[in-house]
Amino acid sequence: MTFLVQQTLLFAIPLMIVALAGVFSERSGIINLALEGIMIMGAFVGVLSVRLLQSVPAFQEAARQLAEFNAGNIESSSAWLTLQGMEVLCMLIAAAAGAIFSLLLSYASINLKADQTIGGTALNLLAPAISLFLIRIIVNQNTMGMEGGAGGASWFLIRKTFFGYDSNADLGFLGSTFLDKTYLATYLTIIVFVLMSIFLYKTRFGLRLRSCGENPQAAASLGINVFKMRYAGVTISGALAGMGGFVYALTTQGCTTNGDVAGFGFLALAVMIFGNWKPLNIALGALLFGLFKCIAASYSTLDINGDGRFFLSEIGVSSYIYRLLPYVITLIVLALTSKSSRAPKAEGIPYDKGMR
Amino acid sequence: MNKSPLLQRAGTQKLIASVLSIVIGLFFGSILVLIVGLATSDIGAKGAWDGIRLIFIGLFSKSRDASGNLVFGMNTTNVGNMLFRATPLIMTGLSVAISQKTGLFNIGAPGQYLMGTMATLMIALSIPSTSVPPFLIWILAFLGGCIAGALWGAIPGMLKAFLNINEVIACIMTNWIAANLVTWLFDIASFSTIKGSFYCQTKWKIADGTFKNLIENTKSGYVYKTTWNNVATPKLGLDKVFPGSQVNAGILIAILIAIVVFIIINKTTFGFQLKACGSNRHAARYAGIKDRANIIYSMAIAGALAAAGAALYYLSGNTEFNWHTDQTLPAIGFNGIPVALLAVNNPVGVIFSGTFMAMLNIIGTQLTKFTAYNEYITDVIIAAIVYLSAFSLVIRSLISGRKKKVAVVNDANAEKNPVTPTEAKTEKGGAQA
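What follows is the structure, encoded as structure tokens:
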């Protein structure tokens, strides 16, 4: 059960934040089909910054101390805190990369009033191309990990021993699920998700942003700068998606990137629609879809109630069914709610002052 | 409009805009190559210069001579392979183009392509060539692939027509469903108890009758080539013209289909109805055109075309299919989008833009072969071209200079907007006043 919850969270958290990224963009009136591409960019830049920061002496020393600590050679060490700081730094860099990359979409769709779908598609093509091109140049293979074969886990994974527990101590269900062998990135992302949701719904800025996605002409008549608001929406979207991309690469791929996030960006789009463009529903949808992803990834060795039997593998349903279910469910939900869909009214329509 | 000067014609401007996109895309790629070359010590200026030359004329690169300089000249292998790889690109390009004519953005070509691949390969490998003539199997497999693609394409079409669900979202969902479905079905056919569905007595007898290639077992997860069942597209002497390449009659079939699509779109009532639905669905319905049916037809045809591309590619007999597609969608499907965009959705133009994209593909392999760069630089170029064509309207208005407003409005008028130029102007003026 611990394993199931932990794995589900690992998959659900990036989905959640990227889906929220989609909300920010679409609520401001721009269809962000480029979520996948921005995630790939964030993952690439994030992992690259980890690689570059690895050679900083302070971090190297911290990693060495942590290894000593994990091996039991030293009693206590705060080296892990330094490395968590490095992780946060890389998350910020990935977010910045996503935000900058998303400017390409804003420029095409806001300033030049180009087709947002095609612009998004272009970004989806560009991100894997550029990252793979550079990955191949940097490491001469298609997957780039950390320097010297180190894994993300050995640097950034939080263990219970950090908090003074013995390595054999039993922390109970909650402790072993949410404290031991977790990533700080997961919790930070949840906090960011909550804060950004409040930001979107409870602040003046958020209200203005949402109004631009519903009726930009009315918003403009009240003195709101629709261009700026849409730029803000897409840029926030880019930052969140870029961060989500790095979190995905760090927590589920062991801090490696290969110019691909296995359709996670599109799945996040599905989560966003499934959640009807509302943060709380999105969080639930992300957990559900994360569960499916988790089952698909590890169903043959999943022991849900701890009786030593692999229930799901005994049913004999292929993992591909679990993989495609989220998409089927999304289509069904779309079909059922098509009459009452709450998609932002002005999404996809370039803002034209003269139109009303 | 035909009487206006050459530079002001819509067709000319579209052509110039496309060529301009290509040139800017190529230069963008070159700049990237130059920066990376100068920043990387083991590539240097000379390596960067080689890379840039390959980006522009890589199709005609042959080898490196003894002193390490690139040798250029006619390379029949490259040209033949270009035509071979252009075949599926032309088809997926047509697929995207015909849906665009109906105002739909078919981003579902990868899924349709995969479904076509599956149906084609399963049919081509299941019917024993000892009892059925191979050319008949070829036709059955081709048609089967098309039907599978048409059915798959019809799903987002129906969702759009009856429930008004955005076809882009529906297409993305069906893409990933197809990716997993194909892997799953091939898994079943390869490992489960359904055996004996596929056998071939001519060359070898396989133990458990599956699609999984067990003969060349150095690779895993590949389906048998169709040549194991003696099914392959005829070469028609093209392999003599381009020795050493994979080219076959598939390219001729693709060109033929493109011309047929051109005639359907431009010269038939059906084509007119499709375009009418694309221009204004409600106006079309008012005029007595069945808009829902036309949307479904359009997506079904688009699906069939993408699937036909897959059929032509895999029936060539010298290509292998790795059925573990659950993590990545086929790039050929997505590349149909730039092909159609570059051709401005003109079916005949698709032939040329598809060939151009195939040439970029060849250039990519040449770059990997001869320099420290790799084939992904051509994907960067393609992405840049797509990005530029997103605002080709702006480029077109730049070309026509001062008269841009009228031209653009006229152009948009001819294509999409039922608004007349004067109306558009007064509306703008009214808002400013």
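Protein chains in written order, with our numbering: chain A, 1 to 356; chain B, 357 to 789. In this text, a Cβ means the ideal position worked out from N, Cα and C, and glycines have one as well.
Please report how far the alpha carbon of residue i lies from the alpha carbon of residue j, in whole angstroms.
i: LEU698(B); j: GLY381(B); result: 12 Å
i: LEU92(A); j: LEU250(A); result: 13 Å
i: LEU112(A); j: GLN253(A); result: 37 Å
i: ASN168(A); j: ARG159(A); result: 12 Å
i: ALA346(A); j: VAL375(B); result: 33 Å
i: THR8(A); j: TRP80(A); result: 25 Å
i: GLY689(B); j: MET447(B); result: 9 Å
i: PRO490(B); j: TRP584(B); result: 11 Å
i: ALA12(A); j: GLY242(A); result: 16 Å
i: LEU174(A); j: ALA663(B); result: 51 Å
i: LEU541(B); j: GLY263(A); result: 20 Å
i: THR711(B); j: TYR322(A); result: 39 Å
i: PRO512(B); j: ALA270(A); result: 15 Å
i: ALA740(B); j: GLN722(B); result: 20 Å
i: SER319(A); j: SER298(A); result: 8 Å
i: ALA395(B); j: LEU388(B); result: 11 Å
i: ALA220(A); j: TYR231(A); result: 15 Å
i: LEU445(B); j: ASN691(B); result: 7 Å
i: THR143(A); j: TYR248(A); result: 15 Å
i: THR727(B); j: GLY665(B); result: 31 Å
With DSSP run on the structure shown, which of helix, strand or coil describes residue i?
i: THR721(B); result: helix
i: MET713(B); result: helix
i: PHE598(B); result: coil
i: MET243(A); result: helix
i: ASN425(B); result: coil
i: PHE618(B); result: helix
i: ASN678(B); result: strand
i: LEU284(A); result: helix
i: LYS561(B); result: For LYS561(B), the pLDDT reaches just 40, beneath the cut-off of 50, and the residue's location in the model is therefore unreliable, although a value from the coordinates is still provided. Note: LYS561(B) maps to coil in three-state DSSP.
i: VAL400(A); result: Because chain A is modelled from 1 through 356, residue 400(A) falls outside the range shown and cannot be assessed.
i: MET144(A); result: strand
i: THR589(B); result: coil
i: ILE607(B); result: helix
i: LYS181(A); result: coil
i: LYS202(A); result: helix
i: THR257(A); result: strand
i: ILE158(A); result: strand
i: LYS386(A); result: Nothing in the structure corresponds to residue 386(A), since chain A is present only between 1 and 356.
i: TYR817(B); result: Residue coverage of chain B in this structure runs from 357 to 789, which leaves residue 817(B) outside it and unanswerable.
Can residue i and residue j be called in contact, C-beta distance under 7 Å?
i: ILE701(B); j: GLN468(B); result: The sequence shown places Asn at residue 701(B), rather than the Ile named in the question. Their beta carbons are not under 7 Å apart, which means ASN701(B) does not touch GLN468(B) by this criterion.
i: PHE101(A); j: ILE17(A); result: no
i: ALA122(A); j: VAL379(B); result: no
i: ILE607(B); j: THR443(B); result: yes
i: THR82(A); j: ALA99(A); result: no
i: VAL736(B); j: PHE133(A); result: yes
i: THR589(B); j: LEU685(B); result: no
i: GLN629(B); j: ILE645(B); result: yes
i: PHE747(B); j: ALA129(A); result: no
i: LEU450(B); j: VAL704(B); result: no
i: ARG204(A); j: ILE224(A); result: no
i: SER131(A); j: GLY259(A); result: yes
i: ALA335(A); j: LEU519(B); result: yes
i: GLY233(A); j: SER25(A); result: yes
i: MET471(B); j: ALA534(B); result: yes
i: SER28(A); j: CYS294(A); result: no
Query raised in the report: Along the segment 740-752 of chain B, what residues have a CB closer than 9 Å to any CB found in chain A?
Result: Listed in sequence order: ALA740, ILE741, VAL742, TYR743, LEU744, SER745, ALA746, PHE747, SER748, LEU749 and VAL750.
Requested in this report: Would you list, in chain order, the members of the segment 123-135 of chain A that have their beta-carbon closer than 9 Å to a beta-carbon of chain B?
Outcome: LEU123, ASN124, LEU125, LEU126, ALA127, PRO128, ALA129, ILE130, SER131, LEU132, PHE133, LEU134 and ILE135: these are the residues of the segment 123-135 of chain A whose beta carbon lies less than 9 Å from some beta carbon of chain B, given in chain order.
Query raised in the report: Touching or not, the segment 21-35 of chain A and the segment 236-246 of chain A, by the rule of three or more beta carbon pairs under 8 Å?
Result: The segment 21-35 of chain A, when compared against the segment 236-246 of chain A, does touch it at the 8 Å Cβ threshold.
Query raised in the report: Going along the segment 528-546 of chain B in order, which residues come within less than 7 Å of chain A, judged by CB to CB distance?
Result: Within the segment 528-546 of chain B, the qualifying residues are ILE528, MET529, TRP532, ILE533, ASN536, LEU537, THR539, TRP540 and ASP543.
**Report entry** Contact between the segment 430-442 of chain B and the segment 709-719 of chain B (3+ Cβ pairs under 8 Å)
**Finding:** Touching, per the Cβ criterion.
Query raised in the report: Mind listing which residues of the segment 461-487 of chain B have their C-beta closer than 9 Å to chain A's C-betas, in chain order?
Result: Shown in chain order are the members of the segment 461-487 of chain B whose Cβ falls below 9 Å from a Cβ of chain A: PHE461 and ILE463.
Query - Residues within the segment 671-695 of chain B neighbouring chain A, beta-carbon criterion of under 7 Å - result: Listed by position, the residues of the segment 671-695 of chain B near chain A (Cβ gap below 7 Å) are ASP682, GLN683, THR684, PHE690 and ILE693.
Query raised in the report: Do the segment 41-59 of chain A and the segment 125-139 of chain A touch if we need at least three Cβ pairs shorter than 8 Å?
Result: With a cut-off of 8 Å, the segment 125-139 of chain A and the segment 41-59 of chain A count as touching, because enough Cβ pairs lie within range.
Query - Inter-stretch contact at 8 Å, needing at least 3 Cβ pairs: the segment 48-63 of chain A / the segment 144-159 of chain A - result: By the Cβ test, the segment 48-63 of chain A is in contact with the segment 144-159 of chain A, since at least three Cβ pairs between them sit closer than 8 Å.
Requested in this report: Could you list the residues in the segment 494-525 of chain B with a C-beta less than 7 Å from some C-beta on chain A, going in chain order?
Outcome: Taking 7 Å as the Cβ-Cβ cut-off against chain A, the residues of the segment 494-525 of chain B that qualify are LEU515, LEU519, ASN520, ILE521, VAL524 and ILE525.
Requested in this report: Taking only beta carbons into account, state which residues of the segment 262-274 of chain A come closer than 8 Å to chain B, listed in chain order.
Outcome: Of all residues in the segment 262-274 of chain A, ALA262, GLY263, PHE266, LEU267, LEU269, ALA270 and ILE273 have a Cβ within less than 8 Å of some Cβ in chain B.
Report task. With 8 Å as the limit, tell me which residues of the segment 320-331 of chain A have their beta carbon closer than that to any beta carbon of chain B; keep them in chain order. Result -> Listed by position along the chain: TYR320, ILE321, ARG323, LEU324, TYR327, VAL328, THR330 and LEU331.
Query - Inter-stretch contact (C-beta, 8 Å, three-pair minimum) for the segment 460-480 of chain B and the segment 522-536 of chain B - result: Segments in contact, yes.
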